[in-house]
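Take UniProt numbering: the final residue in the sequence shown is number 231, and no numbers are missing along the way.
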Amino acid sequence: MSAITTQPPSILLDAEPGPDASIYEQILHDILEGRLEANQRLKVTALAGRYGTSTNPVREALQQLRGEGFVVITPNRGARVRPIDEEFARDIYEVEALIEPYLTAWFVGIATDEAIKRLEAVQDEIEALGFEDPLRHSELDTRFHQIVYDGHYNRHAADLWWRHREILRAIARRFPYSMVRRKEILVEHRLIIEKIKAHDADGAAEAVRAHILGSGRHIVEHMRSARNRRL
1 MSAITTQPPS ILLDAEPGPD ASIYEQILHD ILEGRLEANQ RLKVTALAGR
51 YGTSTNPVRE ALQQLRGEGF VVITPNRGAR VRPIDEEFAR DIYEVEALIE
101 PYLTAWFVGI ATDEAIKRLE AVQDEIEALG FEDPLRHSEL DTRFHQIVYD
151 GHYNRHAADL WWRHREILRA IARRFPYSMV RRKEILVEHR LIIEKIKAHD
201 ADGAAEAVRA HILGSGRHIV EHMRSARNRR L
């Protein structure tokens, strides 16, 4: 079996897109950062000038972003930014709750003692950190899940997981974990490891599903509260 490693897009999270970033990545980054605001019209010529490119790459990027739900294109009215709201976040984490159990159940069948030790080592680091450094926690949490998903033969599923995860991370970084959610995350990770060690594919899949739904609800609740404060 040859491992398939997800290739992170360069859009994300705490740095500006690099010089090799595509027009798609630059537009998506600006949408997630709020520089292109909800419902803002996206004029092809203006975007081409903004990013120093011709109009064709912009049109292609907008079509891709339309397919991923970030952009709405209406006949005779052009493109606009879809609001990154609770419904948007809900849709993404519900898809993740389908993908990640599938990836995890497959991993259980091929998990080696070495892979399990790597999971335990990363989880030890997460617990030692104690959520004191949000960026470092996010890096470790990503590494934890990559150990499980990176070897999967279905590149499309693994890449979709990565892209959705990065979108949720970009949203979630505005909302610190509550003390309750912090404790839940640690328990959920340990349960995932326990089920993998027991070669319980169904149990591991269900543990991951509960983990994703818990994190998704956390994000949506914070987004809803923030919206209500603005009203």
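The beta carbon of each residue, even a glycine, is placed where N, CA and C say it ideally should be.
- If you draw a straight line from the Cα of Ala121 to the Cα of Glu206, it comes to about 22 Å.
- Around the C-beta of Ile192, 16 or more other C-beta atoms lie within 10 Å, and the residue is accordingly described as buried.
- Shown here, Thr142 sits in a helix according to DSSP, grouped into three states.
- Contact between Ile212 and Tyr24 fails: their C-beta atoms lie close to 26 Å from each other, not under 8 Å.
- Remark: three or more beta-carbon pairs, one from each stretch, lie closer than 8 Å, so the region 109-121 and the region 130-147 are flagged as touching.
- Here the alpha carbons of Arg50 and Ala79 stand approximately 16 Å from one another.
- Under the Cβ criterion (8 Å, minimum of three pairs), the region 99-106 does not count as touching the region 223-231.
- Per DSSP, Thr112 lies in no beta strand (DSSP E) and is assigned neither H nor E.
- Boundaries of the beta strand (DSSP E) harbouring Arg80: 78-81, taken from the DSSP string.
- In this structure, the CA atom of Gln123 is about 11 Å from the CA atom of Thr142.
- For Thr53, no alpha helix (DSSP H) encloses it, and the DSSP letter there is neither H nor E.
- If you draw a straight line from the Cα of Ser215 to the Cα of Met223, it is about 13 Å long.
- The region 42-57 makes no contact with the region 182-190: fewer than 3 CB pairs, one atom from each, lie closer than 8 Å.
- For Ile171, the uninterrupted alpha helix (DSSP H) run begins and ends at 155-172, by DSSP.
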